[in-house]
Structure formats: structure tokens, C-alpha cells
Amino acid sequence: MDFESFEEIRLSADGSKSIPPPPPSSSSLRLCRICHEEEEQDTTTMETPCACSGTLKFAHRGCVQRWCDRKGSTICEICLKVRTLK
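Using this note's numbering, you'd call the opening residue of the sequence shown number 47 and step up by one each time.
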């Protein structure tokens with residue numbers, strides 16, 4: 047049986063079925079670790095505020111500022127480095 051040709055179908059809590067959209071190309075999109083908004087790599091609204099890497103590397107300046115203000119600290123809870131806004 048060839049599983050490559052099957053579509054993924056998800057069931058939600060209310061029993062309705064949905065087919066998820068195809069995943070975006072990870073090489074062309076960045077994801078804000080706080081608000082989860084995607085943007086193209088060639089735009090410049092995302093920053094790397096701490097030492098985190100991979101999918102946790104990028105965040106919008108405003109998202110990081112609001113997060114730090116609410117938390118009352120500028121230390122990243124993942125990498126434990128002081129967040130810097132460039």
C-alpha cells in the first residue's frame with residue numbers, strides 16, 4: 047500500500063473533519079515565537095533577541111518588548127540569556 051498518496055484528515059473536538067494546508071517551505075518563512083505570525087525571510091521585522099536557535103530564534107521587537115514587560119524580566123526563559131533588542 048502506498049501511503050504517499052493519502053491525504054491527512056483531522057477530526058476536531060466537535061467531530062468535523064478538516065484537511066490541513068500544506069506546510070510552508072521552512073526555508074522561505076520565519077515564525078515569531080511569541081505571536082506565531084509568519085513572514086518572508088527577506089523582510090526585516092523579525093529579530094533574534096537572545097541565544098535561542100532554530101524555530102525559536104526569531105520574534106518581532108514589539109512582541110518581545112510586551113512579553114518582557116508583562117513578565118518583569120529580560121532573561122529568556124529558554125536559553126537563560128539576557129534578551130537584547132538591537
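Positions of the beta carbon are idealized from the N, C-alpha and C atoms, including for glycine. Just so you know, these numbers come straight off a predicted model, no measurement behind them.
Which of the three DSSP states, helix, strand or coil, is assigned to leucine 77? strand
Among Arg129, Thr120, Ala105, Cys98, which has the Cα closest to the Cα of threonine 90?
-> Ala105
Whole-angstrom C-beta distance between arginine 107 and glutamate 93, which should lie under 8 Å: 5 Å
- request: Could you please give me the residues that DSSP links to valine 128 through a beta bridge?
  value: Ile121
Problem set entry | Close-in-space but distant-in-sequence residues of the same chain around threonine 120 (CB under 6 Å, 5 per side omitted) | Cys114, Val128, Arg129
- Message: By the DSSP assignment, the beta strand (DSSP E) with glutamate 85 in it spans what residues?
- Response: 84-86
- Message: Please state whether the Cβ-Cβ distance between leucine 77 and glutamate 84 is less than 9 Å.
- Response: yes
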